[in-house]
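>
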Amino acid sequence: MGLVNEFGWSISREAMFDECRRRYYFHYYLSWGGWERGAPRISQDAFRLKRLTSLALWRGQLVHYVATKVLASLRAKGRIPAFEDVERYVLERFDTQLSFSREGRYRTEPKKRGGELNIDWLALFEHEYGLPLEPGRLERARGECVAAMRALLESPILARIAETDPDGWAIENVDLGEFAQVFDFEGARVFAKTDFMFRGTDGAFNIVDWKTFSGARAEEDGGTGGKARVQLGVYGYYAASILGEPLERIRLIEVNLLDGARETAYAVAPEDIELFRAHIRSGIDRLSSVLAGGDIARNEPLPPRFFPVIDNGRCRYCNFHRICKDEGNPDRLPA
Ligand code: SF4
Numbered sequence: 006m007g008l009v010n011e012f013g014w015s016i017s018r019e020a021m022f023d024e025c026r027r028r029y030y031f032h033y034y035l036s037w038g039g040w041e042r043g044a045p046r047i048s049q050d051a052f053r054l055k056r057l058t059s060l061a062l063w064r065g066q067l068v069h070y071v072a073t074k075v076l077a078s079l080r081a082k083g084r085i086p087a088f089e090d091v092e093r094y095v096l097e098r099f100d101t102q103l104s105f106s107r108e109g110r111y112r113t114e115p116k117k118r119g120g121e122l123n124i125d126w127l128a129l130f131e132h133e134y135g136l137p138l139e140p141g142r143l144e145r146a147r148g149e150c151v152a153a154m155r156a157l158l159e160s161p162i163l164a165r166i167a168e169t170d171p172d173g174w175a176i177e178n179v180d181l182g183e184f185a186q187v188f189d190f191e192g193a194r195v196f197a198k199t200d201f202m203f204r205g206t207d208g209a210f211n212i213v214d215w216k217t218f219s220g221a222r223a224e225e226d227g228g229t230g231g232k233a234r235v236q237l238g239v240y241g242y243y244a245a246s247i248l249g250e251p252l253e254r255i256r257l258i259e260v261n262l263l264d265g266a267r268e269t270a271y272a273v274a275p276e277d278i279e280l281f282r283a284h285i286r287s288g289i290d291r292l293s294s295v296l297a298g299g300d301i302a303r304n305e306p307l308p309p310r311f312f313p314v315i316d317n318g319r320c321r322y323c324n325f326h327r328i329c330k331d332e333g334n335p336d337r338l339p340a
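Going by this note's numbering, the first residue of the sequence shown is number 6, and it counts up by one from there.
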């Protein structure tokens, strides 16, 4: 059987739906099958554009990837790797990926081969759209990758992890490039992504979330309001309902690697799980409201007019600008 475009819920999916429904339509529906040679041109375009990434996002992805490799190395060798080795590795990945994108190889080379992700596959927004990428921005991102790895290697949390039994670890398999956790919630599939989980020496079940926010953004993202509460609910629900962990033992630890590995720990309360249930139910209702017959099993979108375009200064930086608002493109999808 071929691949099926299954309906699912995730925090990022719902956020895109709320931000711009047209973008959501391009990302989750129009792009589907766009990897096939015989697919309509606009689906092929949507598929290519959905995989573009911004410089800030790429930097974060690279830091996450190398953090995972650090943990795998710690598990295999029983010691924290040397900073010089990690620095060399992260810079090598940075430079190789940047060349890959700059040369436009993402247009011809597959991201996955034999089920494994090509970790050096990268498609930067600026390269696809022919926009300048100032050396100063690149140098800053390069330096931040190194700073984040130094912060990780010198962090108290890594030292604490090193004292625990690796049998109690769950490291995200980044080489598969898929969501780490998928579970059912009242008939819908829920996708979550935990970076790392470990059993502490005190018996606590720790879910670690690496962050790479600097300055004001770190403040904005802190606290237990809004999105952070929902995320806490997702992880808490997963650990309690799927893994069977007692609520009082679950701890979510956010570690900002661009802020000296500063930790913010959250306990999960029954209200967080209730909040999650209510949030996800309403999220699934809203996402299914743009499906034919509201049928999540069929997952067939309503016609494009049900996914209106928005007028927003950020449209120019949207991955799908070319097939949405570029008036010079005769193949764009009419509004
Ligand atoms: S260009 Fe603007 S309207 Fe079009 S998909 Fe992107 S954000 Fe939405």
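Where is the CB? At the ideal position from N, CA and C, for every residue including glycine.
1. Judging by CA-CA distance, which residue of VAL314, ARG286, ASN304 is the nearest neighbour of TYR34?
2. I need the DSSP call for ARG256, collapsed to helix, strand or coil.
3. If you drop the 5 nearest sequence neighbours on each side, which residues of the same chain put their C-beta closer than 8 Å to that of TRP63?
4. Roughly how many angstroms lie between the CA atoms of PRO308 and PHE201, to the nearest whole one?
5. What are the boundary residues of the beta strand (DSSP E) that GLU268 is part of?
6. Give the straight-line distance between the Cα atoms of ALA167 and GLU149, rounded to the nearest whole angstrom.
7. Can you confirm whether the region 95-114 touches the region 19-32 when touching is taken to mean that 3 or more C-beta pairs between the two stretches lie within less than 8 Å?
8. Taking Cβ positions, are GLU139 and LEU57 nearer each other than 7 Å?
9. Considering Cα atoms alone, identify which of PHE312, GLY141, GLY288 is closest to VAL295.
10. So the alpha helix (DSSP H) ARG80 belongs to, where does it begin and stop?
11. Using a threshold of 7 Å, state whether the C-beta atoms of LEU262 and ALA156 are closer than that.
12. How many angstroms separate the CA atom of ALA274 from the CA atom of ALA197?
13. Is it buried or exposed, GLU19, if we count other Cβ atoms within 10 angstroms and call 16 or more buried?
14. Hey, would you say the C-beta of CYS25 is under 6 Å away from at least one heavy atom of the ligand SF4?
15. Can you give me the Cβ contacts of ALA244 inside the same chain, cut-off strictly under 7 Å, excluding the 5 residues immediately before and after it?
16. Out of THR217, SER59, SER160, state which residue places its alpha-carbon closest to the alpha-carbon of ARG319.
17. Specify the secondary structure class of GLY227 as computed by DSSP and reduced to three states.
18. Check whether the region 68-84 touches the region 113-122, counting contact only when three or more Cβ pairs, one atom from each stretch, lie closer than 8 Å.
19. CB-CB under 8 Å to ASN123, same chain, minus the five flanking residues each way: which ones, in chain order?
20. Using a 10 Å radius around the Cβ and a threshold of 16 neighbouring Cβ atoms, would you call ILE315 buried or exposed?
21. Specify the secondary structure class of ALA51 as computed by DSSP and reduced to three states.
Let's see:
1. If we check each option's Cα against that of TYR34, ASN304 comes out closest.
2. Secondary structure of ARG256 (DSSP, three-state): strand.
3. Take TRP63, set aside five residues on each side of it, and the residues of its chain with a beta-carbon closer than 8 Å to its own are GLN102, LEU127, LEU129, ALA146, in chain order.
4. If I take the Cα positions, the gap works out to 40 Å.
5. Start and end: 267-272.
6. ALA167 and GLU149 have their alpha carbons spaced roughly 24 Å apart.
7. In short, these stretches do not touch, since the Cβ pair count stays below three.
8. Taking 7 Å as the Cβ cut-off, GLU139 and LEU57 do not qualify as a contacting pair.
9. Among PHE312, GLY141, GLY288, the Cα nearest to that of VAL295 belongs to PHE312.
10. Where ARG80 is concerned, the enclosing alpha helix (DSSP H) stretches over 60-82.
11. Against a cut-off of 7 Å, the Cβ pair of ALA156 and LEU262 comes out as a contact.
12. Counting only the Cα atoms, ALA197 lies some 19 Å from ALA274.
13. In this structure GLU19 is buried. Its beta-carbon is surrounded by 16 or more other beta-carbon atoms within 10 angstroms.
14. For the ligand SF4, at least one heavy atom lies less than 6 Å from the Cβ of CYS25.
15. Only PHE210, ILE212, GLU250, ILE255 meet the Cβ criterion.
16. Distance from the Cα of ARG319 is smallest, within the candidate group THR217, SER59, SER160, for SER59.
17. Residue confidence is low: GLY227 scores 42 on pLDDT, short of 50, so the model does not pin down where it sits. No coordinate-derived value is stated.
18. Segments in contact, no.
19. Cβ neighbours of ASN123 beyond the five flanking positions: GLU114, PRO115, LYS116, LYS117.
20. Answer is exposed; the Cβ neighbour count stays below 16.
21. Residue state, collapsed to three classes: helix.
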